[in-house]
Structures are given as C-alpha cells and as structure tokens.
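Structure first, commentary second.
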Amino acid sequence: MGNKKLKSDLLTIFMRLKDEEGKPFSDKFLRDICVNFILAGRDTSSVALSWFFWLLEKHPEVKKRSTISLLKERMIWNLKMLKMCWYLSHMR
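First residue of the sequence shown? That's 2 in the working numbering, and the numbers climb one at a time after it.
Next up, the structure:
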C-alpha cells in the first residue's frame, strides 16, 4: 500500500470485518454499531447530537435531503411533527 495510511475510525474498521460466513456486515448492522457507540455515554451522546445539529445548520441542502429521507422511509414522523421539532425548525 505504500505510504498511504489506512483509516482507523470505528466505522471503517467494522466495514472491513466479515461475519462468520465471510460476508461483509449489513448496513443495518453497521448502523446499529454506530448508534451503540454514540449512545454508550452521556457526554458522547450530547456532543454527537450537538455536532449533528451544527452540521445540519451549516449545510441546509443536507437538512432538506434528510427531512425528505425521513418522510420517504415512512417513519412515524410526518411534516407537521417535523415542524414541531425545535432544532429543525429554528435552524437558519
């Protein structure tokens, strides 16, 4: 690989791993692993959410796509409920 360093963040490490059958882990498994690490500690959760909302504020196109994605996934959320979310409705 030459002088290139391999990324060593947790997601990348888990993405390189294989299950017992030698297959890559599913996106759902990888998502669950990431959520598990985020929720592993109080401070970690609050910092992660703070950065998440800060990044959404700085990138309105991502905010819009995320909102559309939530609606497309037919989650419990609807547009009225999203508008009631203080952080989402007060970012400008």
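Here a beta-carbon is modelled for each residue, glycine too, at the ideal position from N, C-alpha and C.
Residues bridged to residue i (per DSSP)
i: Lys29; result: In the DSSP output, where bridge partners are listed per residue, Lys29 has none listed.
Reduced DSSP secondary structure (H/G/I, E/B, other) of residue i
i: Lys59; result: helix
i: Lys19; result: strand
i: Ala49; result: helix
i: Ser70; result: helix
i: Lys24; result: coil
Given residue i as reference, the closest of the options once Cα atoms are compared
i: Leu11; options: Arg32, Glu21, Gly23 and Glu22; result: Arg32
i: Lys29; options: Met16, Ala41, His60 and Leu72; result: Met16
Cα-Cα separation, residue i to residue j
i: Ser9; j: Ser46; result: 21 Å
i: Met2; j: Pro25; result: No answer about Met2 holds up, because its pLDDT of 48 lies below 50 and its placement is not dependable.
i: Arg66; j: Leu56; result: 13 Å
i: Ile39; j: Val63; result: 21 Å
i: Phe53; j: Ser27; result: 23 Å
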